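If you count the sequence shown from 1, position 118 lands on 119 in our numbering, and the numbers rise without skipping.
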Amino acid sequence: MNRLFMTRQGFSTKTLRVASRRFGAVAGVKATSPSPPPVKPNKMNDMWNIDERSWQTATLSQMSGPSVWTGEELVHDKHWGIQLTEQERNDLVRAMREVLAEGNIEFSSNGIPENVNPDNFKLKGSTLMSKFDAWSENLENGNGVLMLDNFPIEGLSRVEIATAYLGLASYLGQWVPQSSAGLRSASRGFGLPLGEVRAEMKGMTPSGGKQANNYFRLHTDRCDVISLLGIRTAKAGGYTRICSVPKVYNVMLKRFPEYARSMFAPFPRIWEGSGGLADLPIWALCEGKFTTQFSPSYIENSQLLASARKLTQDEVEALDLVEEIGIETGHRFLQGPGQLYFLNNHQVYHGRSSWLFDEQHESKVEKETVAEPDGGEGRLLYRIWLSPYNSRKIPDTPLFRHLWGNVEAGVPRGGLEPALKSGLTEKPKELVRQVESGEHEYYGLYKRKFSEEAKYAMQ
Numbered sequence: 002m003n004r005l006f007m008t009r010q011g012f013s014t015k016t017l018r019v020a021s022r023r024f025g026a027v028a029g030v031k032a033t034s035p036s037p038p039p040v041k042p043n044k045m046n047d048m049w050n051i052d053e054r055s056w057q058t059a060t061l062s063q064m065s066g067p068s069v070w071t072g073e074e075l076v077h078d079k080h081w082g083i084q085l086t087e088q089e090r091n092d093l094v095r096a097m098r099e100v101l102a103e104g105n106i107e108f109s110s111n112g113i114p115e116n117v118n119p120d121n122f123k124l125k126g127s128t129l130m131s132k133f134d135a136w137s138e139n140l141e142n143g144n145g146v147l148m149l150d151n152f153p154i155e156g157l158s159r160v161e162i163a164t165a166y167l168g169l170a171s172y173l174g175q176w177v178p179q180s181s182a183g184l185r186s187a188s189r190g191f192g193l194p195l196g197e198v199r200a201e202m203k204g205m206t207p208s209g210g211k212q213a214n215n216y217f218r219l220h221t222d223r224c225d226v227i228s229l230l231g232i233r234t235a236k237a238g239g240y241t242r243i244c245s246v247p248k249v250y251n252v253m254l255k256r257f258p259e260y261a262r263s264m265f266a267p268f269p270r271i272w273e274g275s276g277g278l279a280d281l282p283i284w285a286l287c288e289g290k291f292t293t294q295f296s297p298s299y300i301e302n303s304q305l306l307a308s309a310r311k312l313t314q315d316e317v318e319a320l321d322l323v324e325e326i327g328i329e330t331g332h333r334f335l336q337g338p339g340q341l342y343f344l345n346n347h348q349v350y351h352g353r354s355s356w357l358f359d360e361q362h363e364s365k366v367e368k369e370t371v372a373e374p375d376g377g378e379g380r381l382l383y384r385i386w387l388s389p390y391n392s393r394k395i396p397d398t399p400l401f402r403h404l405w406g407n408v409e410a411g412v413p414r415g416g417l418e419p420a421l422k423s424g425l426t427e428k429p430k431e432l433v434r435q436v437e438s439g440e441h442e443y444y445g446l447y448k449r450k451f452s453e454e455a456k457y458a459m460q
């Protein structure tokens with residue numbers, strides 16, 4: 002009995018199609034096989050479970066295992082820079098063309114296919130089928146990183162690329178609708194299976210609902226796994242940075258143990274759900290596995306609201322150190338066309354440098370559309386948010402349930418759904434006013450500026 006049959010749990014095709022609109026390609030999936038945690042704690046050890054209930058008294062110790070890595074170690078890992086065979090690339094294109102030719106694809110408001118899944122994106126007989134389990138295992142119980150070096154995009158339209166991309170991803174997990182407490186445009190992917198990363202304006206602070214060419218500090222997106230596919234590079238800049246969160250934790254614990262402890266406490270951040278504000282620890286452990294939700298800009302924006310708890314100087318310093326340690330220990334690279342990566346957000350941070358943006362030539366695409374891969378200029382990446390079939394359990398507390406929607410292993414969660422369930426909230430007027438008026442300096446809360454990373458947005 003194959004893996005996909007086991008994980009579907011008897012759902013009908015009709016039920017799967019309905020579920021795909023909300024949770025992705027395959028609903029109700031459980032982990033196919035239990036795996037040991039990537040660290041070496043035990044249930045009697047304080048490092049087994051740490052969250053907002055125990056952060057002040059828990060005994061903190063160094064973590065070990067494959068989730069702890071440096072950039073130098075990553076580039077020598079077998080899951081970094083995987084070369085698809087020519088036959089595997091052809092298999093993806095063939096499956097894409099077959100599913101589009103069938104005429105049963107449902108399209109989102111921005112023309113992206115919504116119901117691509119293993120039932121209709123058929124890879125039977127492809128050697129890719131023998132690789133998905135190992136890739137899933139590494140994402141959840143290994144270093145949390147998977148990078149394919151040569152995904153097929155040459156000569157394909159955005160619909161064709163998106164279909165092949167979503168089809169491949171559906172064998173690793175179900176897509177969840179993307180979300181943002183800041184920009185809520187279709188081009189960004191708000192509420193949709195696929196978004197794009199590109200510049201619509203120049204500057205450090207995005208405004209008017211537009212994406213900017215700004216520098217992003219290391220952060221997570223609010224999903225279990227984020228995936229980005231390179232379509233075009235910028236004329237200059239636009240580098241990607243990734244790092245191991247347990248490695249950042251280990252370094253901070255060694256150098257500044259009290260700062261490391263504070264990261265397990267609840268921090269306020271803006272969100273698009275009920276009330277516009279939510280609290281969650283930056284770091285936590287559940288059954289020996291790390292989990293993190295971290296957006297420096299969302300935390301910073303919360304400090305512009307009168308109703309948010311004000312951070313102490315020590316808390317801000319701890320947040321600021323993440324960027325310094327992450328740059329020190331992580332990997333920086335230029336994501337080229339056809340390079341496709343998946344990152345486990347529970348244990349890997351990602352960020353980017355600013356890039357050269359030619360406003361005259363690159364801002365012609367309206368923000369409510371998705372840019373074609375050909376005929377355009379400037380940095381462009383496609384993005385998918387995934388809930389993997391073998392995802393980890395996260396702390397069963399009201400704070401985690403509020404932002405994630407579900408804390409059990411192997412179930413759809415994250416993305417826009419929890420905010421929809423609680424009730425979408427417009428961005429607070431006091432926040433909008435300060436951003437649009439220019440009063441707010443993006444990342445102004447933090448003393449470390451990393452001007453080299455931000456230079457193209459500041460010119």
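The C-beta atom is built at its ideal place from N, Cα and C for all residues, glycine as well.
Just so we're clear, the structure is a prediction, and the values are computed from it rather than from any experiment.
Selection from the options that minimises the alpha carbon distance to residue i
{"i": "residue 455", "options": "277, 203, 156 and 379", "result": "203"}
{"i": "residue 167", "options": "339, 117, 57 and 51", "result": "117"}
{"i": "residue 300", "options": "130, 311 and 398", "result": "311"}
{"i": "residue 347", "options": "437, 249, 432 and 305", "result": "249"}
{"i": "residue 69", "options": "108, 140 and 112", "result": "140"}
{"i": "residue 207", "options": "460, 441 and 239", "result": "441"}
{"i": "residue 114", "options": "385, 360, 83 and 446", "result": "385"}
{"i": "residue 197", "options": "344, 379 and 418", "result": "379"}
{"i": "residue 143", "options": "414, 418, 344 and 158", "result": "344"}
{"i": "residue 222", "options": "308, 405 and 131", "result": "405"}
{"i": "residue 193", "options": "156, 112, 231 and 234", "result": "112"}
{"i": "residue 128", "options": "91, 360 and 298", "result": "91"}
{"i": "residue 180", "options": "413, 335, 274 and 59", "result": "274"}
{"i": "residue 416", "options": "119, 178 and 84", "result": "178"}
{"i": "residue 256", "options": "84, 319 and 435", "result": "319"}
Same chain, Cβ closer than 8 Å to residue i, five either side skipped, listed in chain order
{"i": "residue 259", "result": "315"}
{"i": "residue 19", "result": "Any reading at residue 19 needs caution, since the residue's pLDDT is 31, under 50, leaving its predicted position unreliable; the model's value is listed next. Cβ within range, chain order: n/a, list empty."}
Host beta strand (DSSP E) of residue i (start-end)
{"i": "residue 405", "result": "Premise fails: residue 405 lies in the alpha helix (DSSP H), 399-405, not in any beta strand (DSSP E)."}
{"i": "residue 229", "result": "226-233"}
{"i": "residue 175", "result": "174-176"}
{"i": "residue 292", "result": "290-293"}
{"i": "residue 342", "result": "341-345"}
{"i": "residue 353", "result": "349-353"}
{"i": "residue 217", "result": "217-220"}
{"i": "residue 192", "result": "Counting along the chain, residue 192 falls outside any beta strand (DSSP E), and DSSP gives it neither H nor E."}
Minimum Cβ-Cβ distance from residue i to chain B less than 8 Å
{"i": "residue 349", "result": "Here there is only one protein chain, and chain B is not present."}
Cut-off 6 Å between Cβ atoms - residues of its own chain near residue i, not counting five sequence neighbours on either side
{"i": "residue 284", "result": "264, 265 and 293"}
{"i": "residue 339", "result": "151, 152 and 154"}
{"i": "residue 444", "result": "none"}
{"i": "residue 62", "result": "48"}
{"i": "residue 452", "result": "none"}
{"i": "residue 333", "result": "240 and 242"}
{"i": "residue 136", "result": "147"}
Own chain partners of residue i with C-beta closer than 7 Å, once the 5 adjacent residues on each side are dropped
{"i": "residue 214", "result": "200, 203, 355, 356, 358, 457 and 458"}
{"i": "residue 96", "result": "122, 123, 124 and 168"}
{"i": "residue 253", "result": "260, 261, 322 and 326"}
{"i": "residue 81", "result": "75, 146 and 148"}
{"i": "residue 1", "result": "Shown here, the chain extends from 2 to 460; a query on residue 1 therefore has no answer."}
{"i": "residue 429", "result": "277 and 306"}
{"i": "residue 232", "result": "154, 338, 374, 381, 382 and 383"}
{"i": "residue 360", "result": "203"}
{"i": "residue 304", "result": "311, 312 and 446"}
{"i": "residue 408", "result": "394, 395, 396, 397, 401 and 402"}
{"i": "residue 247", "result": "64, 68, 69, 291 and 348"}
{"i": "residue 235", "result": "356, 357, 379 and 380"}
For residue j and residue i, believed in contact at Cβ under 8 Å, the rounded distance
{"i": "residue 174", "j": "residue 389", "result": "4 Å"}
{"i": "residue 282", "j": "residue 291", "result": "Residue 282 to residue 291, Cβ: 11 Å. No contact."}
{"i": "residue 170", "j": "residue 93", "result": "Residue 170 to residue 93, Cβ: 11 Å. No contact."}
{"i": "residue 392", "j": "residue 410", "result": "6 Å"}
{"i": "residue 228", "j": "residue 341", "result": "7 Å"}
{"i": "residue 238", "j": "residue 72", "result": "Residue 238 to residue 72, Cβ: 19 Å. No contact."}
{"i": "residue 308", "j": "residue 270", "result": "So it is not a contact: roughly 13 Å between Cβ atoms."}
{"i": "residue 449", "j": "residue 329", "result": "The pair is not a contact, with the Cβ atoms about 12 Å apart (cut-off 8 Å)."}
Boundaries (first-last residue) of the alpha helix (DSSP H) holding residue i
{"i": "residue 48", "result": "Looking at the DSSP string, residue 48 is not in any alpha helix (DSSP H), and its letter there is neither H nor E."}
{"i": "residue 461", "result": "This structure cannot speak to residue 461, because the chain is shown only from 2 to 460."}
{"i": "residue 380", "result": "Element bounds for residue 380: n/a, residue is neither H nor E."}
{"i": "residue 298", "result": "297-303"}
{"i": "residue 433", "result": "430-437"}
{"i": "residue 421", "result": "418-423"}
{"i": "residue 327", "result": "314-330"}
{"i": "residue 74", "result": "72-75"}
{"i": "residue 457", "result": "452-459"}
_As an exercise, report each continuous beta strand (DSSP E) stretch of at least 3 residues that is fully enclosed by the segment 258-287, in chain order._
The qualifying runs are 267-271, 278-282 and 284-287.
*Could I get the ranges of all uninterrupted alpha helix (DSSP H) runs contained in the segment 102-181, with 4 residues as the minimum, in chain order?*
DSSP runs (the alpha helix (DSSP H)) wholly in the segment 102-181: 133-142 and 159-170.
_Complete runs of the beta strand (DSSP E) confined to the segment 235-260 [at least 3 residues]_ = Within the segment 235-260, the runs of beta strand (DSSP E) that reach at least 3 residues and sit entirely inside it are, in chain order, 241-245.
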